[in-house]
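Trainee:
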Amino acid sequence: MVPCQTHVLLKWQEHFNSSWAVEDTIETARRRWAAALYDRLLQNKEVVTLAQPIQELVGPRLPDFECESSASAEKEDYLASLLNSQRWLAHRMLTQTSFTLSLHHRLVVFQRIYYAIHSKYHDKFCVQLPSQSTDGGKECGQLEVASESCLGGGVSKMKSGTDVLIEMGVRTGLSLLFSLLQQNWRYAASAYPESVLCNDVLATACSVLASLPPLSLANENKIPSVGLECLAQVAEFLKRTSVISGAGAADPTGRRLALELLLGLAMQRGSLKFLLEWVEVALAASMSSSNSMPSSSAMTSQKSAGVGFDVIQQTLLQMRQYSGFSGDSINTQVLKKDADGLCQLSQAVLCLFEEICNLASYCLCSSSTDAASPGTEGDAVTVYVWGSNSSHQLAEGTLEKILLPKLTQGFSDAQTIEAGQYCTFSVSTDGSVKACGKGSYGRLGLGDSNNQSLPKKLVLEPHRNIKKVSSSKGSDGHTLAITVDGEVFSWGDGEYGKLGHGNSATQKYPKIIQGPLFSKIVVSASAGYRHSAAVTKDGELYTWGEGDFGRLGHSDSQSRNMPTLVKDISGVGQVACGSSHTIAVAQDGRTVWSFGGGDNGKLGHGDTNRVYRPKVIEALHGFIIRKVCAGSQSSLALTSAGQVFAWGCGSCLGCGSSETTSLRPRFVEDLSITKIIDISCGDSHCLALSHENEVYAWGNNTMGQCGQGHTSTPITRPKKVLGLEGVSIQQITAGTSHSLAWTAVPTDRQLVAWHRPFCVDLEESTFTYLCNFLKCYCDGLENDTPPTPFLSKRDHQQFILLCMKLLSVHLSLAHAGGTGALVLGTQGRPLRNLLFRLIDSNMPDSIQKAVLNTLSIGASLLLPPLRERTELLLSLLPRGPQSLNVLSKGQRLQLDMVLSSLQDQSYIASLLGYSNFGEVPALTATTSAQLPSSSTAEVYDPLHLAEVLLRTLVLSIGFYTERAFGELEKNSDKQLSNDSQGQSDPPSHFHQLLSGLHKHLLAHCYIHSSSEDDSNVLLLREHLYLLLPCASETLRRAGKLLKESSLDKQIIKELHMVLYNSVAGSMLCQVMYSLLLLPLSALQPLLSHLLALLEHINDFNRMLPDTNILEEEELGTEAPKSSSDKL
């Protein structure tokens, strides 16, 4: 840091970093705005004014010349003293001028903003405490790798001899059957065309399939591997049969039956990919049938390319019935039934596709509204309980323990439920709270310490409606409750001050927490074993209770009996408290902190050290975390992609061993077969809820809390809880030794449909099929004759619109689920290129609108990774004045999307190499396939890429400025129009991105000004070698134009906008002020350019009207009152 010679003390407070990091440094060019920011620093006491000592103006002592003549040395010393005295006097006077004070305020504000940016976004350069982990070669940011003994879920079992024989028999039998059917078709075509045996076989198979219960083959986890292989083999045979026509192939009836059987299999399996596969096969079959017939046989062709009318109608009815759709179906397609009971295959495809899109749209709407609309009074909520009932915490009479989920009536009106230490709380839809179970220390909040066998309503004074409850799983039991207005009540054992009321007294009735939480809106709260935590709406984290091991995050081990702000972090979204540790998650889910006791690695930092201040869990970088839980000796995290990570020790890791210790987050392999949407931790057991409404449990099972029908313990791998088959479980909670699951839709969790029968599949296969459809059928939209197999131009356009609709729905669901671009697999780039190509093609307005809508929804998913995105931006930016209008409409839209996506400060920091944001956590086979070949062959140098981008942006803005000057000079004697000027302004994203790059680069250079690594200083210097001459030339042109225009007011007005949007405008002020914070050694090579720039600035200023007045105001001892917005 370069010291500023001022009488102030700078005391940056970490919890203000988030608000300062988003401040616009360009706005500090306005004096009023800079003054307001400085006042904010004073109010927050981040800047403390120091009293200046009173100094007497004592001049140099005069030498005595009467006795003898003075020596030359004495004269020189006297003159030097006079000069120093005058310089000191001038310095003292000038520091009180308006200009000096304003400059000082700006520099202090710049220092604060740059410190905040570096602290929040430049995580690669954050100071890390040395790790004392004994875990050899791994870095703290690396995910824990499970050993082979713990990877049972990922290792296929050895097949027995019997399994091999069965598989061989089934596969050879199917091959023989298919060969006989094909032979029969060839023989019957010439000998017995009226009787084809294989058609009877297919018809029988269709009848058998239709008699099965719906979705009988939907759960592939219940189908053995040989069964899945058989299904794939059958489907491949049916696809070939449906498509191939001609000599030796199946007759029209056989092809129709094959299509109907393939559709029946797709409906039984229930997945969208199988229905899209049928659409693909049906279109190919229609094309094959049309191509095999001469043009004169069109009518015959149309009859042959058909499918049973009743089959399609029954399929549509079944889709609506078993997909959860409720409402009136709106179909624009009308099926026509011919004399043979068939309908056109292309029309059947459109009807089926439209129904898929309607159902998918319904799922999208229900996903966005379910979280905000709890069940109505008519919706029956069913609650299942299991585990320990020793203190009546399950409200099931005298039963000591329940080994399997049992339907209970005690919590039937519950919207949310919280299982605590031998007690249970339920919150009804009306906001009332009921409690049952152990009552010691007033933990039930009923006014006494008696056990309660049935749920009893709590009395809150003052009366409030409760939204959620958190109850501790250990110690002597205490509970926190958040009201719908964001207030917090607490009750139970008050030892260590964990109730937050300023004392350690037991509280037997709910009491509202005041103090620092007064007037705050609390959105998340967690009751740990001996401490508590709460998160406010504005992202502040408060903790209180026992402070041992640093669990409160206040840099010490002191206990607090009142909520105390954790100053080191901000922007917090949720918190979870364990036995002696705390985990917090950022509001965007991209950062996870932990602190407190690190024994057994439960903090996830790669060691077992205590952490007294919030520390980022580096291993979770790159994931979006939806929820965290903390138990006694372990922790869990749920990602937006439905993955579960565990760390700590014991069976709660779910890796197959109770003796394992994981110092860093470890992926729970056994849950990879499904998508998890919720997790819950008890004291030493865990629950997980899948998107298919199935509950998994693992950990301690001494009281049957894992729901396996026995008490054998521990359960070292996640196992499905028995007895909940067919129940649509929506929420789960785990107590100390009991568990509950219920069907009420949660109000605080957005339900994202990862999979819905027939209509939604957030898998790469969905995007693959849609991309293939668009590639094959998006050509020829402008032609009057539709491509085969569509019967009309309207059908062709309708098919493309349906593809766009289904694609946009899945992109919306993926965005809402936070899956990231990985859900697209290898289809991201093909889809992006295809959609932008469609923008440039000649197409109907309806399709153009659909394409634009799809791009706007999926921009964040369709854009490539950061490095590729930057390279794409460089390829699209103009390389010269003549290339400004060369870009096509699609390219301009792509350029706008890329520029918009790079406005995020995290991306800018990553682009400069200061952060890992936006990078894939682990390079998988899928993601590596998306990278260009150069990505693996060349070493990625972020500074080189940033240098090229900075140069290109400066030149691009310069091209627009040059064109604007040309228009001004050409029209200086005419009335200028705002339209022509607007066309010459550079896109705002250019200016914003260049300014953002300046801000992060200058912040890094300022913070590391004393560092020996000068690569970033060299980057800044190389950039300024281009920027400063461009600014000088811009000012020279502006001065010349101003002189030639004779200070015409209209010209001055237009020139003002040109200059402001150029490199000599507001961003130049940001750069020039920031350079004053850097050491002289960094600026010395730039002095010639700076002097030349100052000369042009001086010349330009002299031409401005009222310059003398401004100079007098700037040099005055009091700040001007009327020109506070002037630069």
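Residue 1 is where the sequence shown starts when you use our numbering, and the numbers rise one by one after that.
Just so you know, even glycine gets a beta-carbon here, dropped at the ideal spot from N, CA and C.
Predicted model, so just to flag it, every value in this text is computed and none were measured.
Given 8 Å as the limit, is there contact between the segment 408–420 and the segment 739–746, that is, 3 or more CB pairs closer than that?
Mentor: yes
Trainee: Secondary structure at I625, three-state DSSP: helix, strand or coil?
Mentor: strand
Trainee: One question on the structure: do D448 and S475 come within less than 8 Å of each other, judged by their Cβ atoms?
Mentor: no
Trainee: How big is the Cα-Cα spacing for E400 and S19?
Mentor: 53 Å
Trainee: Quick check on this structure: which residue in T711, T716, M703 has the alpha carbon closest to the alpha carbon of H738?
Mentor: M703
Trainee: What does a CB cutoff of less than 6 Å around G571 pick up in its chain, not counting 5 residues either side in sequence?
Mentor: Listed in chain order, the non-local C-beta contacts of G571 below 6 Å within the same chain comprise S18, G539, A586, Q587, local neighbours out to five positions each way being set aside.
Trainee: Ends of the beta strand (DSSP E) at P1085?
Mentor: For P1085, no beta strand (DSSP E) run applies, since DSSP gives it neither H nor E.
Trainee: Look up V644 in the DSSP assignment and give the residues it is bridged to.
Mentor: L638
Trainee: Quick check on A697: does DSSP put it in helix, strand or coil?
Mentor: strand
Trainee: Cα-Cα, which of K627, Y322, K615 is closest to S680?
Mentor: K627
Trainee: State the Cα-Cα distance for the pair A51 and L9, rounded to the nearest angstrom.
Mentor: 11 Å
Trainee: Report the CB separation of T870 from L911 in whole angstroms; it is logged as a contact under 8 Å.
Mentor: 6 Å
Trainee: Would a C-beta distance cut-off of 8 Å place Y1073 and L94 closer than the cut-off?
Mentor: No, they are not a contact pair.
Trainee: Using 8 Å as the cut-off, can you tell me whether the segment 983–1002 makes contact with the segment 1015–1024, which would need three or more C-beta pairs spanning the two stretches below that distance?
Mentor: Taking one beta carbon from each stretch, the segment 983–1002 and the segment 1015–1024 have 3 or more pairs nearer than 8 Å; the two touch.
Trainee: From the DSSP output, read off the bridge partner residues of G515.
Mentor: Residue pairing from DSSP leaves G515 without any beta-bridge partner.
Trainee: Flag this pair as yes or no: are the beta carbons of Q393 and K467 separated by less than 8 Å?
Mentor: Not in contact: Q393 and K467 (Cβ atoms no closer than 8 Å).
Trainee: Take every Cβ of the segment 686–698, pair it with every Cβ of the segment 639–659, and state whether three or more of those distances are shorter than 8 Å.
Mentor: They touch, by the three-pair rule.
Trainee: Are at least three pairs of beta-carbons, each pair with one atom in the segment 773–793 and one in the segment 420–436, less than 8 Å apart?
Mentor: no
Trainee: State the CB to CB distance for the pair A534 and C577, rounded to an integer number of angstroms; the pair is presumed to be in contact (CB under 8 Å).
Mentor: So it is not a contact: roughly 10 Å between Cβ atoms.
Trainee: Would you check if the distance between the CB atom of S490 and the CB atom of I521 is smaller than 8 Å?
Mentor: no
Trainee: Kindly indicate which residue of Y362, S361, P252 has the alpha-carbon position closest to the one of D340.
Mentor: P252
Trainee: Can you give, in chain order, each stretch of the beta strand (DSSP E) that sits fully within the segment 725–751 and has at least 3 residues?
Mentor: 731–734, 738–742
Trainee: Using a Cβ-Cβ cut-off of 8 Å (strictly less than) and excluding sequence neighbours within five positions of W33, which residues of its own chain qualify?
Mentor: E27
Trainee: From L263 to S856, what does the alpha carbon distance come to, in whole angstroms?
Mentor: 34 Å
Trainee: Span of the alpha helix (DSSP H) holding V851?
Mentor: 845–862
Trainee: Count the other CB atoms, across all protein chains shown, that sit within 10 Å of the CB of G597; report buried if there are 16 or more and exposed otherwise.
Mentor: buried
Trainee: Once DSSP output is grouped into helix, strand and coil, what is the label at M562?
Mentor: strand
Trainee: Do you know whose CA, among T479, S288, E495, lies nearest V488's CA?
Mentor: It is T479.
Trainee: Starting from the Cα of I1097, find the closest Cα among L1077, K1040, L1080 and give me that residue.
Mentor: K1040
Trainee: Out of curiosity, what's the CA-to-CA distance linking G477 and G553?
Mentor: Cα to Cα, G477 sits roughly 22 Å from G553.
Trainee: Residue range of the beta strand (DSSP E) that F667 falls in?
Mentor: 661–667
Trainee: Using the three-state DSSP reduction, which class does I1051 fall into: helix, strand or coil?
Mentor: helix
Trainee: Using DSSP with H/G/I as helix, E/B as strand and the rest coil, what is V311?
Mentor: helix
Trainee: Does the pairing of the segment 275–289 with the segment 717–727 give three or more beta-carbon distances under 8 Å?
Mentor: no
Trainee: By the DSSP assignment, the alpha helix (DSSP H) with L541 in it spans what residues?
Mentor: Taken as a continuous stretch (DSSP letters only), L541 belongs to no alpha helix (DSSP H), being part of the beta strand (DSSP E) at 541–545.
Trainee: Would P614 pass as a contact of D556 if the rule is Cβ separation under 8 Å?
Mentor: no
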